[in-house]
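**Q** Please find one structure pasted underneath; my questions will follow.
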Amino acid sequence: MPPPARRTQGRGMTEPVLATENLTKDYGSFRALRALTLSVQPGEVVGLLGPNGSGKSTALRLMLGFIRPTAGRATLAGFDCWSQSVEARKRVAYLPGELRLYETMTGRRLVSFLARLRGDTAGPEVEALAKKLDIDIDRPLTQMSSGMKRKVALLAVLVPRVPLIILDEPTNTLDPTMRDELLDQLKSAKARGQAVLFSSHVLQEVEAVCDRVAVLRRGELVHVQHMSELREGRAVRARLTGPAPARGPGGTELGPDELTGDGRLQLTFRGPLPVLLEWLANQPLTDLVVEPQGLTPIYKKYHG
1 MPPPARRTQG
11 RGMTEPVLAT
21 ENLTKDYGSF
31 RALRALTLSV
41 QPGEVVGLLG
51 PNGSGKSTAL
61 RLMLGFIRPT
71 AGRATLAGFD
81 CWSQSVEARK
91 RVAYLPGELR
101 LYETMTGRRL
111 VSFLARLRGD
121 TAGPEVEALA
131 KKLDIDIDRP
141 LTQMSSGMKR
151 KVALLAVLVP
161 RVPLIILDEP
171 TNTLDPTMRD
181 ELLDQLKSAK
191 ARGQAVLFSS
201 HVLQEVEAVC
211 DRVAVLRRGE
221 LVHVQHMSEL
231 REGRAVRARL
241 TGPAPARGPG
251 GTELGPDELT
261 GDGRLQLTFR
271 GPLPVLLEWL
281 ANQPLTDLVV
291 EPQGLTPIYK
301 KYHG
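Read in the working numbering, the sequence shown has 25 at position 25, and its numbers run on one by one without any break.
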């Protein structure tokens, strides 16, 4: 089991499992990551979003102590990720985007081997989780498909009760059923108090499981979104059949991004649903669509 979360003196608040402060990495004259300050709390799932080249992989490698920061620092369970990397890595389970497994081993032996490296043992929960993931863990990895190998790697990551789980594009090569199972497992890890940080390009997965989302662009953190706030919002799309309203629901002024020149209305409303419905009922609209706000507009704002 992970050690109990420590308390911040004088505040009664838990310290973050993972914290970065002005974390920076240069490769010659190229700045791959710029002053990243981010934290992940116990029992929190944080998504890291951005296309290739945005700095996600560099950030994860710094957090895991694989490369040395140019400036700033990262700590994991109180240990410096670079200068105390051995102790830090004992407290994290990591799934890389590109797998490099010991092909001569069976799934069972691999899970046991990785547990021993952490100073732990693989208990009876291995069998139960292997069944949920539909894995024959006694089969050699050389006889497994790429999707099956990824499930074995997920098994090795999900079994240990470490403070932090880091996943890089975890659903690659998984079928829809296994994707749902993985998201359920991440929710279970959250309920146990484990922290989860994962990068993904599938926004629906991030929306389903994350508490917060961090968006990277060209090596810089450009937006942090609390999903609870996002879930309270509603996206409205419609076509105007008459004069454009001067103000939106709740009396807010409508801007050029919300009213387009071809008579289209597109806005986001955070507030009581009756207020929105009353406003819509008094507008000359057709082709109306109202749906929960998702991550897509936010992501497109920075990576459109």
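Heads up, the beta-carbon is just placed ideally off N, CA and C, and yes, glycines get one too.
Using C-beta distances below 6 angstroms, list every residue in its chain close to Lys301, excluding the 5 sequence neighbours before and after it, in chain order.
**A** Around Lys301: no qualifying Cβ.
**Q** Going along the chain, which residues of its own chain have a beta-carbon closer than 6 angstroms to the beta-carbon of Leu285, five neighbours each way excluded?
**A** Hits under 6 angstroms: Ala238.
**Q** If you follow the beta strand (DSSP E) that Arg218 is part of, which residue opens it and which one closes it?
**A** Per DSSP, Arg218 belongs to no beta strand (DSSP E) and is neither H nor E.
**Q** Need the endpoints of the alpha helix (DSSP H) that Ser146 sits in, please.
**A** Ser146 -> alpha helix (DSSP H) spans Ser146 to Leu158.
**Q** Mind listing, in chain order, the continuous beta strand (DSSP E) runs of no fewer than 3 residues lying wholly within the segment 189–263?
**A** Fully enclosed beta strand (DSSP E) runs of 3 or longer: 195–199, 212–217, 220–226 and 233–240.
**Q** Kindly indicate the opening and closing residues of the alpha helix (DSSP H) around Ser112.
**A** Segment Gly107 to Leu117, the alpha helix (DSSP H) holding Ser112.
**Q** Could you name the residues that DSSP lists as bridge partners for Gln283?
**A** Gln283 is not bridged to any residue.
**Q** Going by DSSP, which residues form a beta bridge with Tyr302?
**A** DSSP, once it has assigned bridges, lists no residue as partnering Tyr302.
**Q** Does the beta-carbon of Pro389 have 16 or more other beta-carbons within 10 angstroms, so that it is buried, or is it exposed?
**A** The displayed coordinates of the chain run from 1 to 304. Any statement about residue 389 would go beyond what the structure contains.
**Q** What three-state label does DSSP hand Ala130 in the structure shown?
**A** Note: Ala130 maps to helix in three-state DSSP.
**Q** If you reduce the DSSP assignment to three classes, tell me which class Lys25 lands in.
**A** Note: Lys25 maps to strand in three-state DSSP.
**Q** Just to confirm my understanding: we take Leu38, look at its own chain, exclude 5 residues before and 5 after, and list those with CB closer than 7 angstroms. What are they?
**A** Taken in chain order, the residues that qualify are Thr20, Ala214 and Leu221.
**Q** Can you tell me which of Thr24, Gly28, Asp175 and Leu197 puts its alpha carbon nearest to the alpha carbon of Gly55?
**A** Cα-wise, what sits closest to Gly55 is Thr24.
**Q** Please list, in chain order, all residues of the same chain as Asp80 whose beta carbon is under 8 angstroms from its beta carbon, the five residues on each side excluded.
**A** Excluding sequence neighbours, Asp80 sits near Arg73, Ala74 and Ala88.
**Q** Under 8 angstroms by Cβ, that's how I've got Gln41 and Ala195 pegged, so tell me the actual separation to the nearest angstrom.
**A** That belief holds up - the Cβ atoms of Gln41 and Ala195 are roughly 6 angstroms apart, short of 8 angstroms.
**Q** In this structure, how does DSSP classify Glu291 when only helix, strand and coil are distinguished?
**A** Note: Glu291 maps to strand in three-state DSSP.
**Q** As a quick exercise: from Ala32, Arg91, Asp134 and Gln84, pick the residue whose alpha carbon is nearest that of Gly107.
**A** Of the listed residues, the one whose Cα sits closest to Gly107 is Asp134.
**Q** Looking only at its own chain, which residues have a Cβ that is under 7 angstroms from the Cβ of Ala130, when we skip the five neighbours before and after it?
**A** Cβ within range, chain order: Ile137 and Leu155.
**Q** Please return the same chain residues whose Cβ sits closer than 6 angstroms to the Cβ of Ala93, not counting the five positions on each side in sequence.
**A** Contacts found: Val157, Pro160, Val162 and Ile165.
**Q** For Arg116 and Arg218, I'd like the C-alpha separation in whole angstroms.
**A** Looking at the two C-alpha atoms, the distance is approximately 38 angstroms.
**Q** Along the alpha helix (DSSP H) that carries Ala59, what are the first and last residues, could you check?
**A** Run containing Ala59: Lys56 to Met63, per the alpha helix (DSSP H) assignment.
**Q** Spell out the partners DSSP gives Gly47 in its beta bridges.
**A** Note: Gly47 sits in a beta bridge opposite Phe198 and Val213.
**Q** So, is Glu44 buried or exposed, given that buried needs 16 or more other C-beta atoms within 10 angstroms?
**A** Burial call: buried.
**Q** Is it buried or exposed for Gly119, if we count other Cβ within 10 angstroms and need 16 for buried?
**A** The residue in question, Gly119, is exposed, as its Cβ has fewer than 16 Cβ neighbours within 10 Å.
**Q** How many angstroms separate the CA atom of Leu288 from the CA atom of Val236?
**A** Taking the straight line from one Cα to the other gives about 7 angstroms.
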